[in-house]
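S.K.:
Residue numbers (my numbering): 1 to 647.
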């Protein structure tokens, strides 16, 4: 454009942020340790996932408004946030609570809050409609944003754009001054509870608008002090917006914070708060030094390789966690008297039901706790009998699942997954499957580090144990963040093997788990590399396997992924799909049309293959007589087929 402002291709502006993301991947590959291990791991994983977005923007050939990336507002904010994330990861990984002051810890917590807020804001302001971003990558970005949104609520309240820019542009050693001058205090460390929020029904991408992030200028600056956090008895939850579009002015965080402020909230007694999280304890346990902590937080501390008591710094002579039943009862009484929502479903021997009513279970508590204690018996016979009883109890009712988890059974059951006794192992994995049906238990199972042991059962257990291990993975993977953890655990190759060699029930359990895991973009490549495409093709060819529906459903999820698309074409799957288009059931035809459309978009070779194999006639018939979704897919595919071939 003569005389106009110089333009730059988007690829020029993605060079720096993409390099930062690659640097973060390199830092993450070396592993994190210490006090902020979980926070660093979570932040690095989310930043790493943005590589796909930046690569697609780079390859889009979209022209931006300036030749300098510093003048591209859509990428400049993201670049600043990514650089700050990299600096923070390096600083937090070097933090040592034994030699660093409390102010240093607060400074890093505040920086996690700032970086998280900035990433959410910058991802929300990107003009996705101007770039040729694939649906899979949009879905992945939305997953990252939802995880960051959940994390930012745990780190503290909203910040002004001015505070964010100052905090993210200064070196870490200067941010304590910003902290002291710009706010009254700092929120306590919120180690993220992976898997606490499970989505039984996965929202559609269209219901989760990418632009639904309030402008930083509309936010008020609030950095919660520990006292404010102590008065908060509810964990923040992320709910999907019911309608697309930007948040209205009336829905801004500043308004909600004013409305939600409760000046007369009761002050929680100090002894009811976990010394690590500063939150009201749900499952208090006693460590060897006599100090009490929330089970999930102290377990994570121990799992991180720490052998000292966080509060006293004394060496823990053993790592046994003993339930503090007396304190749990006092906390329940205090919550009831002060009209504070109970931090647990169990209170004073009664279980709160979904309709608000209570059921007295005091008679069952003692018996279940006695059975749970026997799980740790030195006698193999006692352990075998106890785990069989837990399996039976956990199958019967939701109340039992609550009580068994409250009695501390989950970590013990996880340990039993590695038992050399096949019967104990089988009953342990089935008990965990039953317990996972109750949503609150999913997070406890993940926190207990169950996934690696479940994968081991999936690889080497009895056939029934393998089947129930696959079903357990499906149940746990209903939480979006759990999909990432499970996918990285080696579960996918083991599930593909079960898909090929298992019993009919085992194959169906494996297929269900694989479908759910492959909803997450990062797991699709893992599944392809594990050999899922040849396994699915065998199912499609074997009409007696009763697995055609499952195979097509998984293929429909994989087909839009580039690596999967190449593998599907290489395996000569298209002729098999066209046969199913002619002879399959209505639902099968619908999935076939969706798969073929994904395979043939922008792919002249696959389109030519469809023409050569005579797909035009069955597609025309499907466009007239199929289900509504099948009609849409078939019509779109026909439009592609009728376009003249490019020379």
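Just so it is clear, CB atoms sit at the ideal spot from N, CA and C, and this is done for glycine as well.
Just so it is clear, the structure is predicted and the values come from calculations on it, not from any experiment.
Give me the residue from 120, 396, 155 with the minimum Cα distance to residue 111.
M.R.: Per the Cα distances, 155.
S.K.: Under 8 Å by Cβ, that's how I've got residue 399 and residue 359 pegged, so tell me the actual separation to the nearest angstrom.
M.R.: Right, the Cβ-Cβ distance comes to about 7 Å (below 8 Å), so this counts as a contact.
S.K.: What is the C-beta distance between residue 506 and residue 470, in whole angstroms, given that I count them as a contact (C-beta under 8 Å)?
M.R.: With 8 Å as the limit, residue 506 and residue 470 qualify as a contact, their Cβ atoms being about 7 Å apart.
S.K.: In whole angstroms, give me the CA-to-CA distance for residue 151 and residue 619.
M.R.: In a straight line, the C-alpha of residue 151 is about 46 Å away from that of residue 619.
S.K.: Please report how far the alpha carbon of residue 83 lies from the alpha carbon of residue 21, in whole angstroms.
M.R.: If you take the alpha carbons of residue 83 and residue 21, they lie about 9 Å apart.
S.K.: Are the CB atoms of residue 390 and residue 364 within a distance shorter than 9 Å?
M.R.: Not in contact: residue 364 and residue 390 (Cβ atoms no closer than 9 Å).
S.K.: What is the DSSP secondary structure of residue 452, reduced to helix, strand or coil?
M.R.: In this structure, residue 452 counts as helix in the three-state DSSP scheme.
S.K.: Express the C-alpha separation of residue 528 and residue 14 in angstroms, rounding to a whole number.
M.R.: Those two C-alpha atoms are separated by around 28 Å.
S.K.: For residue 526, which residues from the same chain have a beta carbon less than 7 Å from its beta carbon, with the 5 sequence-adjacent residues on both sides left out?
M.R.: Once the five neighbours on either side are set aside, the close Cβ partners of residue 526 are 487, 492.
S.K.: Return the CA-CA distance between residue 116 and residue 405, expressed in angstroms with no decimal places.
M.R.: Taking the straight line joining both Cα atoms gives about 32 Å.
S.K.: Report the three-state DSSP secondary structure of residue 416 (helix, strand or coil).
M.R.: Three-state DSSP puts residue 416 in a helix.
S.K.: Is residue 434 closer than 9 Å to residue 384 when the C-beta atoms are compared?
M.R.: For residue 384 and residue 434, no; Cβs fall outside 9 Å.
S.K.: Label residue 541 either buried or exposed according to how many other C-beta atoms from any shown protein chain fall within 10 Å of its C-beta, with 16 as the threshold for buried.
M.R.: Exposed, since its Cβ has fewer than 16 Cβ neighbours within 10 Å.
S.K.: Exposed or buried, what is residue 551 when buried is set at 16 or more other beta-carbons lying within 10 Å of its beta-carbon?
M.R.: Looking at its Cβ environment, which holds 16 or more other Cβ atoms inside 10 Å, residue 551 is buried.
S.K.: Nearest to residue 553 by CA position, among 23, 17, 270, 587, is which residue?
M.R.: Per the Cα distances, 587.
S.K.: With distances taken between CB atoms, is the gap from residue 368 to residue 393 smaller than 9 Å?
M.R.: Closer than 9 Å, so yes.
S.K.: Quick one: what's got a C-beta closer than 7 Å to residue 472's C-beta in the same chain, skipping five residues either side?
M.R.: So the list reads 429, 432, 433, 436, 454, once near-sequence residues are dropped.
S.K.: Is the separation between the beta-carbon of residue 284 and that of residue 300 shorter than 9 Å?
M.R.: No, the pair does not count as a contact, with Cβ atoms beyond the cut-off.
S.K.: Could you name the residues that DSSP lists as bridge partners for residue 285?
M.R.: Partner(s): 293, 323.
S.K.: Let's see if you can read the secondary structure: which residues bound the alpha helix (DSSP H) around residue 506?
M.R.: Segment 504 to 517, the alpha helix (DSSP H) holding residue 506.
S.K.: Give every residue of the same chain whose Cβ lies closer than 7 Å to the Cβ of residue 607, excluding the five residues on either side of it in the sequence, and list them in chain order.
M.R.: The answer, listed in chain order, is 600, 640, 641.
S.K.: Quick one: using the 10 Å Cβ neighbour count with 16 as the cut-off for buried, is residue 626 buried or exposed?
M.R.: Looking at its Cβ environment, which holds 16 or more other Cβ atoms inside 10 Å, residue 626 is buried.
S.K.: Answer with buried or exposed for residue 319, where buried requires no fewer than 16 other C-beta atoms within 10 angstroms of its C-beta.
M.R.: So residue 319 counts as exposed.
S.K.: Would the beta-carbon of residue 322 be found less than 8 Å away from any heavy atom of the ligand FMN?
M.R.: Here there are no bound small molecules, and the ligand FMN is not part of this structure.
S.K.: Using DSSP with H/G/I as helix, E/B as strand and the rest coil, what is residue 315?
M.R.: In this structure, residue 315 counts as strand in the three-state DSSP scheme.
S.K.: Do residue 483 and residue 523 come within 9 Å of each other at the CB atom, strictly closer than that value?
M.R.: It is a contact, given that the beta carbons lie within the stated cut-off.
S.K.: Please name the residue, chosen from 333, 520, 103, that lies closest to residue 561 on a Cα-to-Cα basis.
M.R.: For residue 561, the nearest C-alpha among the options comes from 520.
S.K.: State the beta-bridge partners of residue 368 as determined by DSSP.
M.R.: None; residue 368 has no bridge partner.
S.K.: Let me know if residue 479 comes out buried or exposed under the rule of 16 or more other beta-carbons within 10 Å of its beta-carbon.
M.R.: Classification for residue 479: buried.
S.K.: Contact between the stretch 278 to 292 and the stretch 321 to 332: three or more CB pairs below 8 Å?
M.R.: Yes, since at least three Cβ pairs between the stretch 278 to 292 and the stretch 321 to 332 fall closer than 8 Å, the two stretches touch.
S.K.: Whole angstroms is fine: what's the gap from residue 97's alpha carbon to residue 275's?
M.R.: Taking the straight line from one Cα to the other gives about 14 Å.
S.K.: Ordered along the chain, which non-local residues of its own chain (more than five positions away) have a Cβ less than 7 Å from that of residue 557?
M.R.: Within the same chain, residue 557 has close Cβ partners 515, 518, 519.
S.K.: Ignore the nearest five residues each way along the sequence and tell me which others in residue 513's own chain have a CB closer than 6 Å to its CB.
M.R.: 470, 473, 474, 495.
S.K.: On the DSSP bridge assignment, give the partners of residue 579 in chain order.
M.R.: Beta-bridge pairing links residue 579 to no other residue.
S.K.: Go to residue 537, then tell me how far its alpha helix (DSSP H) extends in each direction, as first and last residue.
M.R.: Looking at the DSSP string, the run of the alpha helix (DSSP H) that includes residue 537 is 532 to 541.
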